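Enquirer:
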Amino acid sequence: MIGIIGGSGVEEISEFADSIEKKLVETEYGSVEVSLLSIEDKTVAFLPRHSAGHTCPPHKINFKANIAALKEIGANQIMATNAVGSLDLDIGPGSIVIPDDFLDFTVNRDVTFYDNEVIHIDMTEPFCNRLRGVILDNSDCINGNVVDGGTIVCTEGPRFETPAEIKMFSILGGSIVGMTTLPEAVLAREKEMCYAPIAIVSNYSTGISPTKLNTEEVLEKMAQKKDELISLLFNTIKSLSLEEDCDCYHILDDAHM
Numbered sequence: 000m001i002g003i004i005g006g007s008g009v010e011e012i013s014e015f016a017d018s019i020e021k022k023l024v025e026t027e028y029g030s031v032e033v034s035l036l037s038i039e040d041k042t043v044a045f046l047p048r049h050s051a052g053h054t055c056p057p058h059k060i061n062f063k064a065n066i067a068a069l070k071e072i073g074a075n076q077i078m079a080t081n082a083v084g085s086l087d088l089d090i091g092p093g094s095i096v097i098p099d100d101f102l103d104f105t106v107n108r109d110v111t112f113y114d115n116e117v118i119h120i121d122m123t124e125p126f127c128n129r130l131r132g133v134i135l136d137n138s139d140c141i142n143g144n145v146v147d148g149g150t151i152v153c154t155e156g157p158r159f160e161t162p163a164e165i166k167m168f169s170i171l172g173g174s175i176v177g178m179t180t181l182p183e184a185v186l187a188r189e190k191e192m193c194y195a196p197i198a199i200v201s202n203y204s205t206g207i208s209p210t211k212l213n214t215e216e217v218l219e220k221m222a223q224k225k226d227e228l229i230s231l232l233f234n235t236i237k238s239l240s241l242e243e244d245c246d247c248y249h250i251l252d253d254a255h256m
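For the sequence shown, numbering that gives the first Met the number 0 begins at 0 and goes up steadily by one.
#1: Need the endpoints of the beta strand (DSSP E) that T26 sits in, please.
#2: So is P47 buried or exposed if we call it buried at 16+ other beta carbons inside 10 Å?
#3: Should A82 go down as buried or exposed, given a rule of 16 or more other Cβ atoms within 10 Å for buried?
#4: Work out the CA separation of D17 and G265 for me, nearest whole Å.
#5: Alpha carbon to alpha carbon, what distance is there between N202 and V217?
#6: Looking at the structure shown, is L231 part of a helix, part of a strand, or coil, going by DSSP?
#7: Where are the alpha helix (DSSP H) runs, 4 residues long or more, that stay fully inside the region 111–152, in chain order?
#8: Which residue comes first and which comes last in the beta strand (DSSP E) that contains S85?
#9: Measure the CB-CB distance between K220 and G73 and report whether it falls below 8 Å.
#10: If you reduce the DSSP assignment to three classes, tell me which class H53 lands in.
#11: Within the continuous alpha helix (DSSP H) that includes K166, where are the two ends?
#12: Helix, strand or coil: how does DSSP classify D308 here?
#13: Thinking C-alpha only, which one of I95, S204, L135 is nearest F159?
#14: From the DSSP output, in three-state form, read off K70 for me.
#15: Going by alpha carbons, who is nearest to D253 out of V24, L241, E191, L212?
#16: In whole angstroms, what separates the C-alpha of R108 from that of T150?
#17: Cβ of P261 within 8 Å of Cβ of F101?
#18: Give the DSSP-derived three-state secondary structure of I90 in the structure shown.
#19: Span of the alpha helix (DSSP H) holding A254?
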C-alpha cells in the first residue's frame with residue numbers, strides 16, 4: 000500500500016479517488032485518523048501530518064503514532080511533502096527538491112521505536128532511492144526547477160531559524176531547511192518502509208531572503224504549487240509497483256546487536 004504524509008492542500012489528492020474511507024487506527028502511541036483512498040485500483044493511505052485543519056505545530060507532532068498507524072494498515076511506501084526554506088540562491092521559491100540526505104537538528108523529539116533494544120539501522124541511503132527515482136520520473140508536471148538530491152536540514156521549530164544558524168547549515172552542506180522530516184524518516188526506516196520526501200521551497204531562508212519571513216509567504220507559495228504537487232503525487236501513484244521488492248523492507252536483517 001502507498002502512504003502519503005502531507006500538509007495543507009495536499010489532502011485534495013482525494014479528488015482523484017474513486018472512493019474514500021475514513022479509518023481511526025489505534026496504536027500503542029496514540030490513535031490516528033487515516034483516509035483510505037482508492038486511486039487507479041490502488042489503495043492510498045493519506046495522513047495529514049499536522050492533524051485536521053493544520054492545528055498541530057511541528058514540535059508536537061506524534062511522529063511515532065503516525066508511522067505506526069501507516070504500518071498497521073499495510074502501507075510500505077511513503078511519500079511525504081514538506082514546505083521548506085532554501086539555503087541556496089540557485090534553489091528559489093517554487094522549486095521542488097527531492098532530497099537524498101538529511102541533517103537532524105531536532106532536540107526534543109521521540110526519535111526511535113527501539114528504546115529498549117540495541118538496534119542500529121543503516122543510513123547509507125537515508126531516503127529510498129527507488130521511490131525517489133519514481134517521483135523524479137514523474138516530475139514533468141512541475142512548472143519550474145526540480146532538484147534531484149540535496150540535504151534537508153530539520154530543525155525543532157516552531158520558530159524560524161536565525162541568520163547564524165542558516166549560515167552554519169549552509170557551511171555543513173545543507174540545501175534546504177524545514178521542521179518535519181525528522182524523526183519521521185528514521186521511524187519509517189525502522190518499520191522497514193520506503194520513505195521519500197518531496198520538498199516545496201516556499202521562501203529563501205533567514206539571512207538569504209531580502210525580507211523578514213512570515214507564514215503568509217509560505218502559505219501563498221504552497222497554494223501556487225498545489226495543483227502541480229497533487230499531479231506529481233497522482234502520477235507517481237499510477238507508476239509505483241506494489242509488488243517490487245526493496246532493500247528498505249529488509250533494513251532490520253543486520254541491525255540487531
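From the three backbone atoms N, C-alpha and C, an ideal C-beta is built for every residue, glycine too.
Since the structure is predicted, the reported quantities are computational estimates derived from the model, not experimental observations.
Expert: According to the data block:
#1: 18–26
#2: buried
#3: buried
#4: Residue 265 lies beyond the stretch modelled for the chain, which goes from 0 to 256, so this question has no answer here.
#5: 7 Å
#6: helix
#7: 128–136
#8: Per DSSP, S85 belongs to the beta strand (DSSP E) from 76–85.
#9: no
#10: coil
#11: 162–170
#12: Residue 308 falls outside the range modelled here, since the chain spans only 0 to 256, and no answer is possible.
#13: S204
#14: helix
#15: E191
#16: Each residue's alpha carbon lies about 20 Å from the other.
#17: Because residue 261 is not part of the residues shown, which for the chain are 0 to 256, the question remains open.
#18: coil
#19: Taken as a continuous stretch (DSSP letters only), A254 belongs to no alpha helix (DSSP H), as it is neither H nor E.
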